[in-house]
Amino acid sequence: MKEISRRQFITTATLTTGFVVAVQPVFAKVITTDSKGLTAGAVKIPVKDGEIPAYRAVPKTGKNFPVVLVIQEIFGVHEHIQDVCRRFAKLGYLAIAPELFVRQGDVSKLSNIDEIRQVVAKVPDAQVLSDLDATVNWAVKSAKGNAKRIGITGFCWGGRITWLYAAHNPQIKAGVAWYGRLVGNSTELTPQHPVDIASTLKVPVLGLYGGKDTGIPVDTVEQMRDRLKSSNSKSQIIIYPDAPHAFFADYRPSYREQEAKEGWQKLQAWFKQHGVS
4 MKEISRRQFI TTATLTTGFV VAVQPVFAKV ITTDSKGLTA GAVKIPVKDG EIPAYRAVPK
64 TGKNFPVVLV IQEIFGVHEH IQDVCRRFAK LGYLAIAPEL FVRQGDVSKL SNIDEIRQVV
124 AKVPDAQVLS DLDATVNWAV KSAKGNAKRI GITGFCWGGR ITWLYAAHNP QIKAGVAWYG
184 RLVGNSTELT PQHPVDIAST LKVPVLGLYG GKDTGIPVDT VEQMRDRLKS SNSKSQIIIY
244 PDAPHAFFAD YRPSYREQEA KEGWQKLQAW FKQHGVS
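Residue numbering for the sequence shown follows the working numbering, beginning at 4 and increasing consecutively.
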């Protein structure tokens, strides 16, 4: 069999349908948002070495839409992330979630969380930031997006990326990071973490964290808070004392309806306050 080149692989890659194997069975409270009045589905984003798949949702009529980048968990751009895009589109946004692991592997077909982590561990931050730059460019030039009204939100792995991309791209008006890791060792692939860029961050980011998150200790969240005090970003962090990790993920047992709904309302208010919506 002829070996597929990296460029060809990226170009032919497709989005996940449904939920990833590793999170089965799906929690009974999963939220489903219809696409009535929307243009929603898979698109291709031109990047430096080919194309990457993404999920885009936007109102069917209108133009000059505020843009929101929706950044995936380690499970990829599966049905939950796609649903979040549709929720944003119902609010009048052009929402887009690029598949940021596609070069390293297809996590949707993996049933073991450790195998998924091995794929994600190979993803360089520089690649992710570049792909998000390309996604912003596509949204503005090819999808009726407003270059002056761009926000970003991400969950878990995507929460960490939200902080980093807000520091990387001053074009971003505001970000909301859901329980993203804040500290870590500096490596070739992950040279910086949110705590490292906090003191120079200019873009206002709202961090939403769980007080009972066993993977993100509260002391690291407080460390981030202290660093943010010396920045000019007006960033804030909210800790929900009784919430675990992934409390927004309605397809998982970690879902906490009250905190999730309150966080979603705070996101909307944050985007409005800082000129995204």
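Beta carbons: idealized from backbone N, C-alpha and C, even for Gly. For clarity, every value in this text was computed on a predicted model and none was experimentally measured.
| Item | Value |
| --- | --- |
| Paired residues, beta bridge with Q239 - DSSP | L209 |
| Coarse secondary structure for L2, derived from DSSP in three states | With the chain running from 4 to 280 in the structure shown, residue 2 is simply not present. |
| Whole-Å CB distance - I99 paired with V73, under 8 Å assumed | 7 Å |
| Strand pairing of F1, partner residues [DSSP] | Here the chain comprises residues numbered 4 to 280, so residue 1 is not present and cannot be evaluated. |
| Nearest-angstrom beta carbon gap, V131 and L103 [assumed within contact, 8 Å] | 5 Å |
| Top-ranked residue by Cα proximity to W181, from V126, S38, D37 and I241 | I241 |
| Buried/exposed call for P247, threshold 16 Cβ in 10 Å | buried |
| CB contact flag (Q174, V208, <8 Å) | no |
| Endpoints, the alpha helix (DSSP H) within which E102 is located | Taken as a continuous stretch (DSSP letters only), E102 belongs to no alpha helix (DSSP H), as it is neither H nor E. |
| Burial state of E6, where buried means 16 or more other Cβ atoms lie within 10 Å | The predicted position of E6 is uncertain, since its pLDDT is 42 and thus under 50; no value can be drawn from it. |
| The stretch 224 to 232 in contact with the stretch 200 to 207 per 3-pair CB rule at 8 Å | yes |
| Minimum length 4: unbroken alpha helix (DSSP H) runs contained in the stretch 124 to 177 | 128 to 145 and 160 to 171 |
| Assumed close pair P197, L185 - CB separation to whole angstroms, cut-off 8 Å | 5 Å |
| Sheet register partners of G44 (DSSP bridge) | R59 |
| Burial state of R255 (16 or more Cβ within 10 Å) | buried |
| Whole-angstrom distance between D52 and H171, CA atom to CA atom | 21 Å |
| Beta-carbon proximity list for T193, same chain, < 7 Å, skipping 5 on both sides | D128 and G187 |
| Which of helix, strand or coil DSSP assigns to P197 | helix |
| Where V33 sits in the DSSP three-state scheme | coil |
| For V186, three-class secondary structure by DSSP | coil |
| 8 Å contact criterion, which G1 and F68 should meet: CB distance rounded | Lying outside 4 to 280, the shown extent of the chain, residue 1 is not represented and no answer is given. |
| Buried versus exposed call for T19 [16 or more other C-beta atoms within 10 Å across all chains shown] | buried |
| CA nearest to the CA of K39, picked from F251, R90, V80 and G108 | R90 |
| Which of helix, strand or coil DSSP assigns to I7 | Per-residue confidence for I7 stands at a pLDDT of 43, beneath the threshold of 50, marking its modelled position as unreliable; no derived number is given. |
| Helix, strand or coil at G266 according to DSSP, with G and I counted as helix | helix |
| Identity of the residue in P28, I48 and S238 nearest S114 by Cα | P28 |
| Burial state of D245 (16 or more Cβ within 10 Å) | exposed |
| Outcome for G214 when other beta-carbon atoms lying within 10 angstroms are tallied against a minimum of 16 | exposed |
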